[in-house]
Amino acid sequence: MEFRVGKNKIKDNIEVAIIRTAGYHKLPSNNPKTELNFVKPLSLAGYPRFHIYLKETKTDYIFNLHLDQKKPVYAGTKAHQGDYDSEIIEQESHRIKQKLLISD
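For the sequence shown, the numbering used here begins at 672 and goes up steadily by one.
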């Protein structure tokens, strides 16, 4: 699920906000100049986990959120049985927006 948040609506530095406020951990990114990578495990085993790819434009942050159901089976692959459009994804995107946005 992709959603946008205006830069002028964020309380804090975006990385700090996602990590401290929304409870995510930063991962190394394949494209660190264009995209940041964050995860929030739902169990101690590490999976399932929410996964965010974050891109920045001049005015917005673009969140690409999905749920990795399990660890990739083969090394070097990205197949992880991801969930991209479900109620749990909608709930998590709503929670993230609530945590990040400036309160009125």
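Positions of the beta carbon are idealized from the N, C-alpha and C atoms, including for glycine.
Computed from a predicted model, the values in this text were never measured in an experiment.
By the beta-carbon neighbour count (other beta carbons within 10 angstroms, threshold 16), P719 is buried. Bounds of any alpha helix (DSSP H) do not take in K680, whose DSSP letter is neither H nor E.
Distance from the CA of L707 to the CA of I759, rounded to the nearest whole angstrom, comes to 22 Å. Look at E706 here: in three-state DSSP terms it is coil, with no helix or strand label. In the three-state scheme derived from DSSP, where H, G and I count as helix and E and B as strand, L715 is classed as coil.
Within the DSSP secondary-structure output, E727 pairs in a beta bridge with Y732.
About 6 Å separates the Cβ atoms of V676 and L771, confirming a contact at the 8 Å cut-off.
Approximately 7 Å separates the beta-carbon atoms of Q740 and G753; this is inside 8 Å, confirming the contact.
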